[in-house]
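Chemist:
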Amino acid sequence: MLAKRIIPCLDIAGGRVVKGVQFVQLRDAGDPVAVARAYEQQGADELTFLDITASHEDRDTIVEVVRAVAQQVFMPLTVGGGIRATADVRKMLLAGADKVSINTAALLNPEILNEASGQFGSQCIVLAIDARRNPDPASPGATPGRGPAAPGTMPGPSPASRGAMPGRGWTVYTHGGRHPTARDAVAWAREGAARGAGEILLTSMDKDGTQSGYDLELTRAIAEAVPVPVIASGGVGTLEHFYDGLVAGKADAVLAASVFHFGTFTIPQVKSYLRERGVEVRI
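Position in the sequence shown (from 1) plus 59 gives the number in my numbering.
#1: Could you give the residue range of the beta strand (DSSP E) that holds lysine 158?
#2: Using 8 Å as the threshold, is the C-beta distance between alanine 95 and leucine 109 below it?
#3: Quick check on DSSP: helix, strand or coil for isoleucine 142?
#4: Could you please give the first and the last residue of the uninterrupted alpha helix (DSSP H) stretch that includes leucine 261?
#5: Given a cut-off of 8 Å, decide if tyrosine 273 and alanine 291 are closer than it, judged by their beta-carbon atoms.
#6: Beta-carbon within less than 8 Å of leucine 126's beta-carbon, same chain only, minus the 5 sequence neighbours each way: which residues are those?
#7: For glutamine 131 and alanine 97, I'd like the C-alpha separation in whole angstroms.
#8: So, are the CB atoms of valine 159 and glycine 180 less than 8 Å apart?
#9: Going straight from the alpha carbon of glycine 322 to that of alanine 315, what length do you get?
#10: Taking buried to mean at least 16 other C-beta atoms within 10 Å of its own C-beta, is alanine 175 buried or exposed?
#11: For the alpha helix (DSSP H) containing threonine 297, list its first residue and its last residue.
#12: Out of curiosity, what's the CA-to-CA distance linking alanine 307 and aspartate 70?
#13: Measuring alpha carbon to alpha carbon, tell me which residue in Ile142, Gly251, Asp189 is nearest aspartate 265.
#14: Could you spell out where the beta strand (DSSP E) holding serine 292 opens and where it closes?
#15: Am I right that asparagine 173 and arginine 279 are in contact with their C-beta atoms under 8 Å? What's the rounded C-beta distance?
#16: Would you call phenylalanine 319 buried or exposed, if buried means 16 or more other Cβ atoms sit within 10 Å of its Cβ?
#17: Please confirm whether methionine 134 and aspartate 104 have their CB atoms less than 8 Å apart.
#18: Could you spell out the range, first to last residue, of the alpha helix (DSSP H) harbouring threonine 325?
#19: Compare the Cα-Cα distances from glycine 141 to each of Ile161, Asp267, Pro286 and report the closest residue.
#20: Using three-state DSSP, classify isoleucine 121 as helix, strand or coil.
Following this line, the structure appears as structure tokens:
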């Protein structure tokens with residue numbers, strides 16, 4: 060059995076590590092190079108670096124920050140945000156990334172997955188999926204045609220306007236969770252893997268930053284649908300949540316941000332807990 064991976068995530072905005080709730084209300088969590096170095100010292104299996112405003116702002120990923128991080132750490136590094144063409148993938152790999160995460164560009168032009176995996180190998184191409192559960196109009200207190208709204212924001216668009224079926228499945232979002240698509244998350248994951256993505260980075264927008272646990276139903280649905288590893292992301296708040304994501308959610312790796320950035324848990328604490336519960340991890 061392959062060891063399960065524990066992956067800290069560095070969400071980058073304005074050259075700084077940030078963390079929010081459901082993709083909004085961002086707060087500063089430190090310098091990316093210093094944070095990355097600390098995680099390597101703790102024994103993280105990998106590091107994910109996401110420039111969360113690059114696609115929304117229509118600019119390139121901050122290559123200088125990627126290069127600086129890659130020069131300081133030697134664990135596998137995945138980089139995403141603002142990747143629009145295979146030339147961008149090459150740029151990130153040359154800057155020191157081991158894998159490149161593609162989200163918005165793949166939805167706009169799915170062929171980029173075929174092209175990138177063909178040129179660089181599927182092992183370094185990660186399909187990032189930001190998904191939100193479709194609203195159930197029959198649930199108590201639900202407003203028909205409206206998705207869940209993050210604090211301080213307007214409710215989401217109606218299912219009809221975004222192509223989603225109310226109460227059924229999960230809708231995929233682009234541009235850092237800002238724009239809904241007509242894509243179903245499970246179907247998109249299948250297509251992405253078939254096009255050459257070697258891994259799925261799955262983020263539940265409903266759970267992101269809430270510390271209420273991963274969306275186990277979503278994670279399990281994707282893990283059972285694709286033949287490639289799935290990384291669960293969004294919602295971890297307790298040690299048991301890591302275990303649940305790997306066991307009940309059937310994920311191959313679990314990603315977390317705020318519980319690591321703000322000192323709730325360390326990587327060794329998580330790994331020790333998982334090993335005690337019978338999960339194979341690298342110590």
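Glycine residues also receive a C-beta, built at the ideal position from the N, C-alpha and C atoms.
Modeler: Taking the geometry as given:
#1: Locating residue 158 in the sequence shown gives position 99, counting from the first residue. Following the DSSP letters along the chain, one finds lysine 158 inside the beta strand (DSSP E) bounded by residues 158-161.
#2: Residue mapping note: residue 95 aligns to position 36 of the sequence shown, counting from 1. Residue mapping note: residue 109 aligns to position 50 of the sequence shown, counting from 1. No, Cβ-Cβ distance for alanine 95 and leucine 109 is not below 8 Å.
#3: Along the sequence shown, read from residue 1 onward, the residue named residue 142 stands at position 83. Coil.
#4: By one-based count along the sequence shown, residue 261 stands at place 202. In this chain, leucine 261 is not harboured by any alpha helix (DSSP H); it is covered by the beta strand (DSSP E) spanning 258-263.
#5: Taking the sequence shown and counting its residues from 1, the one referred to as residue 291 is at position 232. Taking the sequence shown and counting its residues from 1, the one referred to as residue 273 is at position 214. Yes, the Cβ-Cβ distance between alanine 291 and tyrosine 273 is below 8 Å.
#6: For this step, residue 126 is matched to residue 67 along the sequence shown. Looking at the sequence provided, one finds arginine at residue 126 rather than leucine. Apart from sequence neighbours up to five positions away, the residues of its chain that approach arginine 126 with a beta-carbon distance below 8 Å are Ala154, Gly155, ordered along the chain.
#7: In the sequence shown, counting from the first residue as 1, residue 131 sits at position 72. In the sequence shown, counting from the first residue as 1, residue 97 sits at position 38. Going from the Cα of glutamine 131 to the Cα of alanine 97 covers about 10 Å.
#8: Your numbering for residue 159 matches position 100 in the sequence shown. Your numbering for residue 180 matches position 121 in the sequence shown. Taking 8 Å as the Cβ cut-off, valine 159 and glycine 180 do not qualify as a contacting pair.
#9: For the purposes of this step, residue 322 is identified with residue 263 of the sequence shown, where counting begins at 1. For the purposes of this step, residue 315 is identified with residue 256 of the sequence shown, where counting begins at 1. So the alpha carbons of these two residues sit roughly 12 Å apart.
#10: One-based indexing of the sequence shown puts residue 175 at position 116. The residue is buried, with at least 16 neighbouring Cβ atoms inside 10 Å.
#11: As a working note, residue 297 is residue 238 in the sequence shown. Unbroken run through threonine 297: none, as it is neither H nor E.
#12: Position 248 of the sequence shown, counted from the first residue, corresponds to residue 307. Position 11 of the sequence shown, counted from the first residue, corresponds to residue 70. Going by the C-alpha atoms only, they are around 26 Å apart.
#13: On the sequence shown, position 206 is the one that residue 265 refers to. The residue from Ile142, Gly251, Asp189 with its alpha-carbon nearest to that of aspartate 265 is Asp189.
#14: Translated into positions along the sequence shown, residue 292 becomes position 233. Membership of serine 292 in the beta strand (DSSP E) is indicated by the continuous run 289-292.
#15: Here residue 173 is taken as the residue at index 114 of the sequence shown, counted from 1. Here residue 279 is taken as the residue at index 220 of the sequence shown, counted from 1. Contact flag wrong, Cβ pair sits at about 27 Å.
#16: Position 260 of the sequence shown, counting from 1, holds the residue named residue 319. Around the beta carbon of phenylalanine 319, a 10 Å sphere encloses 16 or more other beta carbons of the protein chains shown; the residue is thus reported as buried.
#17: Counting from one through the sequence shown, the residue named residue 134 turns up at place 75. Counting from one through the sequence shown, the residue named residue 104 turns up at place 45. Between methionine 134 and aspartate 104, the CB-CB gap stays under 8 Å.
#18: For the purposes of this step, residue 325 is taken as residue 266 along the sequence shown, with counting starting at 1. For threonine 325, there is no enclosing alpha helix (DSSP H), as DSSP marks it with neither H nor E.
#19: One-based indexing of the sequence shown puts residue 141 at position 82. When each option's Cα is compared against that of glycine 141, the closest is Ile161.
#20: Locating residue 121 in the sequence shown gives position 62, where the first residue counts as 1. DSSP, reduced to helix, strand and coil, places isoleucine 121 outside both helices and strands of the structure shown, so it counts as coil.
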